[in-house]
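Asks: I have a structure I would like to understand better, so I am pasting it below and will then ask my questions one at a time.
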Ligand code: ADP
Ligand code: ZN
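Pasting the structure below:
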């Protein structure tokens with residue numbers, strides 16, 4: 002039989018199984034290059050003499066079965082990834098580590114063995130053993146059983162417990178515990194809404210597609226606040242009623258607690274929440290419960306698309322445009338949204354992709370009829386989309402002169418104010434936004450402020466020679482973090498103390514620019530001392546539950562202003578948020594990436610959609626230096642379709658997705674010449690083997706030329722899907738990189754071109 006092993010080789014390996022071949026998908030242990038390794042039976046192998054014997058069969062039934070095994074084959078083929086690596090991505094860690102599956106956790110429980118009804122009998126049984134009698138009474142009060150640990154906690158000693166057992170009135174048993182940290186988190190207690198006309202229309206279409214062979218894919222385009230979640234929930238009720246299960250994907254569990262709790266409210270114990278904070282054991286428990294049908298719905302981020310839901314009836318992908326669905330490192334670099342479409346189609350299930358701002362690829366698929374489009378054009382309950390205004394940052398900068406420099410932390414007292422003429426708040430809050438803030442806070446309502454850049458300032462530049470402080474390992478500028486008093490690299494984690502002098506010219510006038518959330522927070526506290534400000538970005542959410550904690554405070558009204566990066570733009574639904582301010586809409590707009598505009602539009606539209614979701618009307622202020630840019634114009638008008646039309650024009654010639662498909666081959670090496678030489682050879686080699694109008698671009702240095710000490714060059718391939726696939730397989734099969742530590746990574750349908 003062939004065995005797929007988690008090694009970076011795009012093939013499976015043949016072994017002989019004495020005593021009968023196990024089923025495909027069964028975990029086995031084999032010797033590979035003299036090392037014991039765990040892999041999965043992949044398929045029938047070649048019958049050649051001299052095959053190695055497999056060491057052991059590790060399970061009695063396959064851990065990856067039927068439909069999921071077929072999906073693994075598709076992923077290995079499409080993303081050109083090693084089969085064993087694909088399978089390892091698909092099953093929970095606990096199932097791949099070592100050769101044994103983890104045992105479900107158990108605990109000891111003390112149970113009443115013999116009921117004692119009367120006081121008389123009590124007296125006869127226990128006599129003078131007062132503690133034993135008390136312990137027994139506690140067990141009775143608790144309904145007949147208590148975990149041993151609890152009995153001991155109550156102050157009874159072990160001899161007391163063994164005494165009960167010896168008398169034959171109690172017994173100690175082992176019992177399986179299911180670990181589920183979400184068991185204790187509150188579930189939404191929202192009124193059960195009745196779907197409105199638009200939602201009913203969508204539901205009718207979805208329900209009509211259930212049970213059709215070959216499945217169907219829908220794109221649910223609903224403006225922010227149109228009630229997409231209710232559509233998912235009501236649809237899944239019908240799926241469950243048919244005895245089928247479902248997978249629900251959300252961009253990130255920690256950032257979408259409301260969505261998760263709405264599903265838990267509707268489906269209770271039938272839901273398994275696959276959270277990245279789960280321990281291996283907890284993840285394994287959830288996985289087992291799905292396989293045995295104790296849970297019918299799996300909800301989670303990217304990798305939940307592989308959840309072993311039985312009799313799959315539907316897959317829902319919420320916020321389908323989110324880039325976090327794409328695995329952007331290692332292998333396989335799959336996009337969970339696309340895998341969801343494929344999995345559903347193969348299982349004959351219905352796939353629903355939902356978004357207020359669909360990815361252009363999905364929109365094009367709906368336009369071509371590959372997906373069916375469902376629209377929710379209005380907010381629920383007659384709510385209106387918030388009014389959006391633009392504040393031109395250019396006039397501000399002109400008036401204030403040069404942007405203020407902030408002295409380096411090491412040399413400056415802790416609370417020194419920036420030295421330029423403009424008052425600090427003017428650089429952050431235009432009069433328009435400042436005024437809107439005051440009015441919002443005056444009404445005791447809440448505001449969200451978005452700035453998609455963390456830290457204090459993201460550029461440290463010498464004012465004399467203009468030199469910018471770069472990371473020693475990456476070709477990116479270092480970000481100043483004031484509270485930690487360091488310059489830090491956001492790509493590799495390198496950090497160093499802020500310099501006193503410029504390394505190049507020795508000048509001592511260093512300026513810190515490029516506003517980050519940490520600086521905005523400080524300015525807000527000075528400018529609005531009475532407002533309760535919370536900041537949510539990667540620096541303030543390192544703890545496992547910190548997102549929950551911050552969002553909980555916002556919900557409870559303990560926070561007036563929530564400031565954050567794109568984290569705060571996802572799916573939040575708080576009725577008292579009536580103002581959204583975008584501190585700088587231009588962050589990310591000018592990146593050398595053909596999706597920069599799309600990404601910026603999505604972010605602006607999503608964050609704007611957080612305002613005015615309840616009865617109170619909302620307003621949005623977008624600050625920008627390019628008020629006439631089509632991205633800003635479309636965001637002002639809530640005009641997704643208008644944006645798409647304009648954006649498609651700019652992708653037509655030269656052609657970019659969605660007009661064709663792309664793949665990226667990244668060559669990286671610790672030695673610059675090796676990266677260049679191999680990228681050159683790779684591009685030349687690809688050119689000899691592509692056909693069908695497939696084009697090879699490059700090589701060119703990647704926009705981030707150096708990352709973590711490795712030099713990076715890339716080659717892009719573009720053309721029709723089949724041709725791009727063939728080119729990747731040719732590259733994977735025939736090209737060999739030369740030089741120490743040279744690597745080539747393949748990324749099909751890449752979202753990150755940096
Ligand atoms: P979005 O489309 O942005 O994901 P949500 O699903 O979060 O919107 O719904 C927005 C709000 O509207 C939620 O608070 C939800 O409870 C409420 N809602 C959804 N459908 C209805 C309905 N038919 N009637 C009343 N309120 C509804
Ligand atoms: Zn770095």
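In our numbering, the protein residues as written are 2 to 755.
Yeah, the Cβ is synthetic: ideal placement off N, Cα and C, and Gly gets one too.
1) List in chain order the residues whose CB is within less than 6 Å of at least one heavy atom of ligand 2.
2) Measuring from the CB of residue 119, is there a heavy atom of ligand 1 at a distance below 7 Å?
3) Check this for me: beta carbons of residue 61 and residue 26, under 8 Å apart or not?
4) What is the residue span of the beta strand (DSSP E) that residue 122 lies within?
5) I need the DSSP call for residue 608, collapsed to helix, strand or coil.
6) Compute every distance between the C-beta of residue 227 and the non-hydrogen atoms of ligand 1, then say whether any falls below 7 Å.
7) Taking the straight line between their C-alpha atoms, what separation do you get for residue 274 and residue 560?
8) Rounded to a whole number of angstroms, what is the C-alpha to C-alpha distance between residue 554 and residue 37?
9) Can you say whether residue 603 is buried or exposed, counting buried as having 16 or more other CB atoms within 10 angstroms of its CB?
10) May I ask you to list the residues that DSSP assigns as paired with residue 352?
11) Would the beta-carbon of residue 619 be found less than 7 Å away from any heavy atom of ligand 1?
12) Where does residue 163 fall in DSSP's three states?
13) Mind pulling the alpha helix (DSSP H) runs of 4 or more residues that sit fully within the stretch 607-692?
14) Go ahead and label residue 546 buried or exposed: buried means 16 or more other beta carbons lie within 10 angstroms of its beta carbon, across all protein chains shown.
15) Between the stretch 242-261 and the stretch 298-305, do at least 3 Cβ pairs fall closer than 8 Å?
16) What are the boundary residues of the beta strand (DSSP E) that residue 1 is part of?
17) Do residue 667 and residue 713 have their CB atoms nearer than 8 Å?
18) Classify residue 563: buried if its beta carbon has 16 or more other beta carbons within 10 angstroms, exposed otherwise.
19) Secondary structure at residue 322, three-state DSSP: helix, strand or coil?
20) Report the option in 543, 496, 466 whose CA atom is closest to the CA atom of residue 511.
21) On the DSSP bridge list, what partners appear for residue 715?
22) Here's the rule: buried if 16 or more other CB atoms are within 10 angstroms of the residue's CB, otherwise exposed. What is residue 35?
23) Could you tell me the alpha carbon to alpha carbon distance between residue 725 and residue 691, rounded to whole angstroms?
24) Less than 6 Å between C-beta atoms, sequence neighbours within five positions excluded: which residues of the same chain meet that for residue 748?
25) Here's the rule I'm using: 16 or more other beta-carbon atoms within 10 Å means buried, otherwise exposed. How should residue 322 be labelled?
26) For the candidate residues 23, 21, 55, whose alpha-carbon lies nearest to that of residue 14?
27) Considering only the alpha carbon of each residue, which of 228, 227, 206, 212 lies closest to residue 219?
28) Please confirm if the stretch 426-446 is in contact with the stretch 465-485, defined as three or more CB-CB distances below 8 Å between the two stretches.
29) So residue 284 packs on residue 93, CB below 8 Å; how close in whole Å?
30) Please name the residue, chosen from 31, 7, 24, that lies closest to residue 16 on a Cα-to-Cα basis.
31) Just the C-alpha distance for residue 242 and residue 629, rounded to the nearest angstrom, thanks.
32) Within 7 Å: the Cβ of residue 574 and any heavy atom of ligand 1?
33) Check whether the Cβ atoms of residue 46 and residue 29 lie closer than 8 Å to each other.
34) Under 8 Å between the Cβ atoms of residue 316 and residue 341?
35) Going by the DSSP bridge assignment, what does residue 482 pair with across the sheet?
36) Whose C-beta lies closer than 6 Å to the C-beta of residue 151 among residues of the same chain, with five residues either side of it excluded?
Replies: Looking at the coordinates:
1) Result: 472, 474, 475, 490, 492, 493, 495.
2) As a working mapping, residue 119 is identified with position 118 in the chain shown. For ligand 1, no non-hydrogen atom lies closer than 7 Å to the CB of residue 119.
3) For the purposes of this step, residue 61 is taken as residue 60 along the chain shown, with counting starting at 1. For the purposes of this step, residue 26 is taken as residue 25 along the chain shown, with counting starting at 1. It is not a contact, given that the beta carbons lie outside the stated cut-off.
4) Residue 122 sits at position 121 when you count from the first residue of the chain shown. Not the beta strand (DSSP E): residue 122 falls in the alpha helix (DSSP H), residues 120-127.
5) The sequence position of residue 608 within the chain shown is 607, counting from 1. Helix at residue 608.
6) Here residue 227 is taken as the residue at index 226 of the chain shown, counted from 1. Yes.
7) As a working mapping, residue 274 is identified with position 273 in the chain shown. As a working mapping, residue 560 is identified with position 559 in the chain shown. So the alpha carbons of these two residues sit roughly 28 Å apart.
8) For the purposes of this step, residue 554 is taken as the residue at position 553 of the chain shown. For the purposes of this step, residue 37 is taken as the residue at position 36 of the chain shown. Residue 554 and residue 37: Cα-Cα distance of roughly 50 Å.
9) For the purposes of this step, residue 603 is identified with residue 602 of the chain shown, where counting begins at 1. Counting Cβ neighbours within 10 Å, residue 603 comes out buried, since at least 16 surround it.
10) By 1-based counting over the chain shown, the position of residue 352 is 351. According to DSSP, residue 352 bridges with 218, 316.
11) Mapped onto the chain shown, residue 619 falls at position 618. When distances are taken from the beta-carbon of residue 619 to the heavy atoms of ligand 1, even the shortest one reaches 7 Å or more.
12) For the purposes of this step, residue 163 is taken as the residue at position 162 of the chain shown. Three-state DSSP puts residue 163 in a helix.
13) Restricted to the stretch 607-692, the alpha helix (DSSP H) segments that are unbroken, complete and at least 4 residues in length are 631-637, 641-651, 673-690, listed in chain order.
14) Numbered from 1 along the chain shown, position 545 holds the residue referred to as residue 546. Counting other Cβ atoms within 10 Å of its Cβ, residue 546 stays below 16 and is therefore classed as exposed.
15) Yes: the two stretches touch, three or more of their Cβ pairs being nearer than 8 Å.
16) Any answer about residue 1 is impossible in this case: the structure gives the chain only from 2 up to 755.
17) By 1-based counting over the chain shown, the position of residue 667 is 666. By 1-based counting over the chain shown, the position of residue 713 is 712. In this structure, residue 667 sits near residue 713, with a CB-CB distance shorter than 8 Å.
18) Numbered from 1 along the chain shown, position 562 holds the residue referred to as residue 563. Buried is the call here.
19) Counting from one through the chain shown, the residue named residue 322 turns up at place 321. Coil.
20) Within the chain shown, the letter at position 510 stands for residue 511. Among 543, 496, 466, the Cα nearest to that of residue 511 is on 466.
21) Here residue 715 is taken as the residue at index 714 of the chain shown, counted from 1. Its beta-bridge partners are 667, 701.
22) Numbered from its first residue, the chain shown carries residue 35 at position 34. Exposed is the call here.
23) Taking the first residue of the chain shown as position 1, residue 725 is located at position 724. Taking the first residue of the chain shown as position 1, residue 691 is located at position 690. If you draw a straight line from the Cα of residue 725 to the Cα of residue 691, it comes to about 8 Å.
24) Here the question's residue 748 lines up with position 747 in the chain shown. Cβ-Cβ distances below 6 Å link residue 748 to 334, 665 in the same chain, with the five nearest sequence neighbours on each side left out; the list follows chain order.
25) Numbered from 1 along the chain shown, position 321 holds the residue referred to as residue 322. Result: buried.
26) As a position in the chain shown, residue 14 is number 13, starting the count at 1. Ranking the options by Cα distance to residue 14, first place goes to 55.
27) What you label residue 219 is simply residue 218 of the chain shown in a count that begins at 1. Ranked by Cα distance from residue 219, the first of 228, 227, 206, 212 is 206.
28) Not touching, per the Cβ criterion.
29) Stepping through the chain shown from its first residue, residue 284 is reached at position 283. Stepping through the chain shown from its first residue, residue 93 is reached at position 92. Contact flag correct, Cβ pair sits at about 4 Å.
30) As a first step, residue 16 must be located in the chain shown, where it is residue number 15. That would be 31, whose Cα lies nearest to the Cα of residue 16.
31) Within the chain shown, numbered from 1, the residue matching residue 242 stands at position 241. Within the chain shown, numbered from 1, the residue matching residue 629 stands at position 628. The alpha-carbon separation between residue 242 and residue 629 amounts to approximately 51 Å.
32) Within the chain shown, numbered from 1, the residue matching residue 574 stands at position 573. Yes, the beta carbon of residue 574 sits closer than 7 Å to at least one heavy atom of ligand 1.
33) On the chain shown, position 45 is the one that residue 46 refers to. On the chain shown, position 28 is the one that residue 29 refers to. Not in contact: residue 46 and residue 29 (Cβ atoms no closer than 8 Å).
34) Residue mapping note: residue 316 aligns to position 315 of the chain shown, counting from 1. Residue mapping note: residue 341 aligns to position 340 of the chain shown, counting from 1. In contact: residue 316 and residue 341 (Cβ atoms closer than 8 Å).
35) Within the chain shown, residue 482 is the residue found at index 481, counting from 1. Bridge partners of residue 482: 487.
36) The sequence position of residue 151 within the chain shown is 150, counting from 1. Counting only residues of its own chain and dropping the five nearest sequence neighbours on each side, residue 151 has no CB closer than 6 Å to any other CB.
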